[in-house]
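Reading through the structure tokens given below for one structure.
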Amino acid sequence: MNSFDPGSYAAEHFAFVFAEGVATITLNRAERKNPLTFASYAELRDLFRAFAYAPSVKTVVIAGAGGNFCSGGDVHEIIGPLTQMAMPELLAFTRMTGDLVKAIRRCPQPVIAAVEGVCAGAGAILAMAADVRYAAPDAKVAFLFTRVGLAGADMGACAILPRIIGQGRAAELLYSGRAFSAEEGERWGFFTRICAKEELLSDAMEFAATLASGPTFAHAMTKNQLEMEWALPIDTAIEAEAQAQAICMQTNDFERAYEAFAAKRTPEFKGD
Numbered sequence: 490m491n492s493f494d495p496g497s498y499a500a501e502h503f504a505f506v507f508a509e510g511v512a513t514i515t516l517n518r519a520e521r522k523n524p525l526t527f528a529s530y531a532e533l534r535d536l537f538r539a540f541a542y543a544p545s546v547k548t549v550v551i552a553g554a555g556g557n558f559c560s561g562g563d564v565h566e567i568i569g570p571l572t573q574m575a576m577p578e579l580l581a582f583t584r585m586t587g588d589l590v591k592a593i594r595r596c597p598q599p600v601i602a603a604v605e606g607v608c609a610g611a612g613a614i615l616a617m618a619a620d621v622r623y624a625a626p627d628a629k630v631a632f633l634f635t636r637v638g639l640a641g642a643d644m645g646a647c648a649i650l651p652r653i654i655g656q657g658r659a660a661e662l663l664y665s666g667r668a669f670s671a672e673e674g675e676r677w678g679f680f681t682r683i684c685a686k687e688e689l690l691s692d693a694m695e696f697a698a699t700l701a702s703g704p705t706f707a708h709a710m711t712k713n714q715l716e717m718e719w720a721l722p723i724d725t726a727i728e729a730e731a732q733a734q735a736i737c738m739q740t741n742d743f744e745r746a747y748e749a750f751a752a753k754r755t756p757e758f759k760g761d
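Taking our numbering, I'd label the letters of the sequence shown as residues 490 to 761.
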């Protein structure tokens, strides 16, 4: 794939809107609290992969319809069929769902999750995989895999969640499968902020628009370093950041910022 045009993209398994640099994905099976299916998993994975080839997309917002974020894998369309599959099919499925998390983490755009109501199972993983999470006061997040007889180790949860909220808290949640509230999530650092329910999406969109108007090449570099440096020793990470920053210093946005500062005006970034 050499390019991807978000303006002409027609989503099949969720709602998709692109405007002014912000791509908004809305899981929209509201009558079932927006569960995922085999097809929606795959389409989300492919869309996030395509964002790497869409320079017009500056930020991404993911939300749910009908007052809930996502109830996880559809019980009838995913869970039931999985009980009938052989190991090769099961492994293909778990690798595919993990590929969705990889795609979210590796796309160059900052991803913002607007979480309200139910956010469970794979829905909690989607929120976890985002770069920034806003919550409505009624958000309830549960990594409930053990409640259906599965490991808490799902789609990268044992690697990513401890880095967000700490090892002990992550272990307690992944062992118990219990839900935590918006207040707990904000206190632990899972949620960046709690918004009034009626303002949740608009607040997330406002932040997305702010990022979209900023130095988007630098944002992509920041996301790349945040992802890459997890596995690096400190000395190696510092060297990686030295190289990353030197690259950013060659951008036109860096020069624009200097000129704006010297002229005592607000810089207008263009992402180049």
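Using N, Cα and C, we set each Cβ at its ideal position, and we do this for glycine too.
In this model, Gly-587 and Met-644 are separated by some 5 Å (Cα to Cα). Taking 8 Å as the cut-off, the Cβ atoms of Thr-548 and Val-604 do not count as close. The secondary-structure analysis by DSSP pairs Gly-703 with nothing; it has no beta-bridge partner.
For Cys-737, the enclosing alpha helix (DSSP H) begins and ends at 723–737.
In the structure shown, Ala-609 adopts extended strand secondary structure according to DSSP, grouped into three states.
The three-state reading of DSSP puts Gly-587 in helix, counting H, G and I together. Nearest to Ala-554 by C-alpha distance, out of Tyr-623, Arg-538, Thr-515, Asp-563, is Thr-515. Within the region 622–689, the beta strand (DSSP E) runs of at least 3 residues that lie entirely inside it are, in chain order, 629–631, 668–670. With a 10 Å radius around the Cβ and a threshold of 16 neighbouring Cβ atoms, Ser-691 comes out exposed. Rounded to the nearest whole angstrom, the C-alpha separation of Met-576 and Asn-491 is 35 Å. For Lys-629 and Arg-745, the gap between their C-alpha atoms comes out near 43 Å. Three or more beta-carbon pairs separated by less than 8 Å are not found between the region 688–705 and the region 644–653, which leaves the two stretches without contact.
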